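**Q** First the structure, then my questions, so here it is.
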Amino acid sequence: MNASLLLYQTGSLLRVRREELRLTLADVSRRSGVTIAQLSRIENGLVDPRYSTLVRILEATGGSLDDIVVEPLREISLSDALHRRDIGRAKIERSGLGESDVGARLGHQDRQGGDTTAERARVDAT
């Protein structure tokens, strides 16, 4: 797995945990002894934290290493990816929400009670 991606995913999991607990970076900093700047860099995947630092952050948020385990990405072939893309596009088109069918999408928004006046004006101007 790409090391940068792993750092980003780990940091994102730490941020989600902190936000779920409604804690600020300052709160976690006070509890863990890790500076706000360092916490921010870790959450943004910009640094590779030491194991002891991760443990202190997790202890400060009541978490464990299990909470930040990143599952390896499953590789798929290009043909599978293109096939999945085509299936997704077809679903969007059938629902009338696809970008290629502006009229259907706006009609759907109208039926849902949305205000489409401004967007209709932009579409009519083009």
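Numbering (the working numbering), first residue to last: 1358 to 1483. Note that the Cβ used here is the ideal one computed from N, Cα and C, for glycine as well. From a predicted model like this one, the values you see are computed outputs, not experimental measurements.
Is the distance from the Cβ of Gly1368 to the Cβ of Glu1400 below 7 Å?
**A** Here residue 1368 refers to the residue found at position 11 when the sequence shown is read from its first residue. Here residue 1400 refers to the residue found at position 43 when the sequence shown is read from its first residue. Taking 7 Å as the Cβ cut-off, Gly1368 and Glu1400 qualify as a contacting pair.
**Q** Between Gln1466 and Thr1474, how many whole angstroms is the CB-CB distance? I'm expecting something under 8 Å.
**A** If you number the sequence shown from 1, residue 1466 lands on position 109. If you number the sequence shown from 1, residue 1474 lands on position 117. Rounded, the Cβ-Cβ distance is 11 Å, inconsistent with contact.
**Q** Does the Cβ-Cβ distance between Ile1393 and Leu1382 come in under 7 Å?
**A** Translated into the one-based positions of the sequence shown, residue 1393 becomes position 36. Translated into the one-based positions of the sequence shown, residue 1382 becomes position 25. Yes, the pair counts as a contact, with Cβ atoms nearer than the cut-off.
**Q** Below 8 Å on the Cβ atoms is my contact criterion, and I expect Thr1418 with Arg1375 to pass it. Report the Cβ-Cβ distance as a whole number of Å.
**A** Taking the first residue of the sequence shown as 1, we reach residue 1418 at position 61. Taking the first residue of the sequence shown as 1, we reach residue 1375 at position 18. Rounded, the Cβ-Cβ distance is 6 Å, consistent with contact.
**Q** Taking the alpha carbon of Ser1409 as the reference point, which residue from Asp1423, Ser1397, Val1427 and Ser1389 has its own alpha carbon closest?
**A** By one-based count along the sequence shown, residue 1409 stands at place 52. Nearest option by C-alpha distance: Ser1389.
**Q** Could you pull out every unbroken alpha helix (DSSP H) segment of at least 4 residues lying fully inside the stretch 1369–1421, listed in chain order?
**A** Taking only runs of at least 4 residues, the alpha helix (DSSP H) segments lying wholly in the stretch 1369–1421 are 1382–1389, 1393–1400 and 1408–1417.
**Q** With Glu1450 as the anchor, note down where its alpha helix (DSSP H) starts and where it stops.
**A** Against the sequence shown, residue 1450 aligns to sequence position 93. Counting along the chain, the alpha helix (DSSP H) containing Glu1450 begins and ends at Leu1435 to Ser1452.
**Q** Looking at Leu1363 and Asp1405, is the spacing between their C-beta atoms short of 7 Å?
**A** Indexing the sequence shown from 1 puts residue 1405 at position 48. Indexing the sequence shown from 1 puts residue 1363 at position 6. No.
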